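Participant: Here the UniProt record's numbering is used: the first residue of the sequence shown is 1, the next is one more, and so on.
Idealized CB from N, CA, C, for every residue including glycine.
The model shown is predicted, which means the values in this text are computed figures rather than measured ones.
The structure's right below; bear with me while I get my questions together.
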Amino acid sequence: MLGKFSIKMLAAKSKRSSYVYQQTAGFTLIEVLVVVIMVGILAAIAVPSWLGFTNRQRVNKANDVVLAALQDAQRQAKKTKLSYSVSFQNVNFINVGNISMVAVHQGVIPPPAPSNYDKKGIWKHLGEDIGFKSNQVLFYTNLENNSDGTKFNKKASDPVNYNTLGSGTITFDYMGALPGTAGGSSDELGLKIAVAAPNVGSSTSASKLRRCVIVDTLLGGMRTAKDDKCN
1 MLGKFSIKML AAKSKRSSYV YQQTAGFTLI EVLVVVIMVG ILAAIAVPSW
51 LGFTNRQRVN KANDVVLAAL QDAQRQAKKT KLSYSVSFQN VNFINVGNIS
101 MVAVHQGVIP PPAPSNYDKK GIWKHLGEDI GFKSNQVLFY TNLENNSDGT
151 KFNKKASDPV NYNTLGSGTI TFDYMGALPG TAGGSSDELG LKIAVAAPNV
201 GSSTSASKLR RCVIVDTLLG GMRTAKDDKC N
């Protein structure tokens with residue numbers, strides 16, 4: 001009799017243990033949904049912040065490359081006692097997209113724009129060595145054409161147009177200064193080469209994330225600026 005009672009007690013205990021295990025093992029549907037919603041909220045917060053961070057890094061690096069190219073051209077001009085220039089343009093390559101291109105060259109006339117991305121010649125893809133892709137960083141300037149059709153060291157009367165892709169050339173004479181400034185002309189002051197991340201869904205208009213190099217003095221002095229200071 002006692003043996004049967006003990007067996008019943010053990011069976012009841014085992015049943016209760018199984019019930020408790022089933023109640024505590026795994027997650028309920030509501031718990032899973034709560035976790036999914038929380039992950040979605042965190043992702044919605046984190047993704048824009050991460051994209052903003054990466055865009056800032058790209059634009060900062062691109063501006064560093066622009067400054068280095070201008071300094072290189074100025075240095076070459078002083079060293080060789082010849083005019084040296086930096087030319088900038090955006091080239092829309094087939095099956096590639098808009099690529100920001102930069103070239104350091106002698107004289108004021110830039111080399112022809114490349115038609116094939118794999119045959120760029122003296123032109124270099126801005127930021128290619130640090131992984132920039134098409135339409136990630138674009139050029140904008142406040143340069144306009146001279147009377148002879150060239151576009152070097154001629155500042156437009158309007159500020160930088162961030163709705164239209166820019167191009168142009170900045171030239172340094174044999175002393176590393178801006179040519180054509182004799183007599184105290186101020187036409188060449190404030191030449192701006194700007195880089196910006198494009199607006200979402202656009203391959204031409206710039207977002208508010210902007211950096212620029214400003215050639216600010218007759219002697220070729222340069223400084224960097226950002227955002228609304230690049231207008």
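So, for Leu-70: in the same chain, excluding its five sequence neighbours on each side, which residues have a beta-carbon less than 8 angstroms away from its beta-carbon?
Facilitator: Counting only Cβ-Cβ distances below 8 angstroms, and skipping sequence neighbours, we find Val-86, Ile-170, Ile-193, Val-213, Val-215 and Met-222.
Participant: With distances taken between CB atoms, is the gap from Ser-100 to Leu-51 smaller than 8 angstroms?
Facilitator: Against a cut-off of 8 angstroms, the Cβ pair of Leu-51 and Ser-100 comes out as no contact.
Participant: Report the option in Arg-211, Ser-157, Lys-79 and Tyr-117 whose CA atom is closest to the CA atom of Asn-55.
Facilitator: Minimum Cα distance to Asn-55 is reached at Arg-211.
Participant: How long is the line joining the alpha carbons of Gln-57 and Ala-196, rounded to whole angstroms?
Facilitator: Computed Cα separation, rounded: 11 angstroms.
Participant: How long is the line joining the alpha carbons of Phe-93 and Thr-141, rounded to whole angstroms?
Facilitator: If I take the Cα positions, the gap works out to 21 angstroms.
Participant: Enumerate in chain order the residues of its own chain whose CB-to-CB distance from Leu-219 is below 6 angstroms, with the five nearest sequence positions on each side excluded.
Facilitator: Taken in chain order, the residues that qualify are Ala-177.
Participant: Work out the CA separation of Leu-209 and Phe-53 for me, nearest whole Å.
Facilitator: Approximately 11 angstroms between the Cα atoms of the pair.
Participant: Suppose contacts are defined by Cβ-Cβ distances below 8 angstroms. Is Val-108 in contact with Thr-150 by that definition?
Facilitator: It is a contact, given that the beta carbons lie within the stated cut-off.
Participant: Could you give the residue range of the beta strand (DSSP E) that holds Phe-132?
Facilitator: It is not in any beta strand (DSSP E) - Phe-132 carries neither H nor E in the DSSP assignment.
Participant: Leaving out five residues on either side along the sequence, give the residues of the same chain with a beta carbon under 6 angstroms from the beta carbon of Glu-144.
Facilitator: Lys-154 and Ala-156, listed in sequence order.
Participant: With a threshold of 16 other CB atoms inside 10 Å of the CB of Lys-166, please say whether the residue is buried or exposed.
Facilitator: Note that residue 166 corresponds to Gly in the displayed sequence, not to Lys. Label assigned to Gly-166: buried.
Participant: Which residues share a DSSP beta bridge with Leu-143?
Facilitator: According to DSSP, which records beta bridges pairwise, Leu-143 is partnered with Lys-155.
Participant: Helix, strand or coil for Thr-80 per DSSP?
Facilitator: If DSSP states are grouped into helix, strand and coil, Thr-80 belongs with the helices.
Participant: Please say whether Pro-112 and Lys-120 have beta carbons closer to each other than 8 angstroms?
Facilitator: Contact: no.
Participant: Could you tell me the boundaries of the beta strand (DSSP E) in which Leu-191 lies?
Facilitator: Its beta strand (DSSP E) spans residues 191-198.
Participant: DSSP state of Thr-181, grouped into three classes?
Facilitator: Caution is warranted here: a pLDDT of 48 is assigned to Thr-181, below 50, making its placement in the model unreliable, and the coordinate value is therefore given only provisionally. Here Thr-181 sits in coil by DSSP.
Participant: Looking at Ser-203: is its Cβ nearer than 8 angstroms to the Cβ of Gly-97?
Facilitator: A contact, by the Cβ cut-off of 8 angstroms.
Participant: Could you compute how far the alpha carbon of Gln-136 sits from the alpha carbon of Asn-90?
Facilitator: About 12 angstroms.
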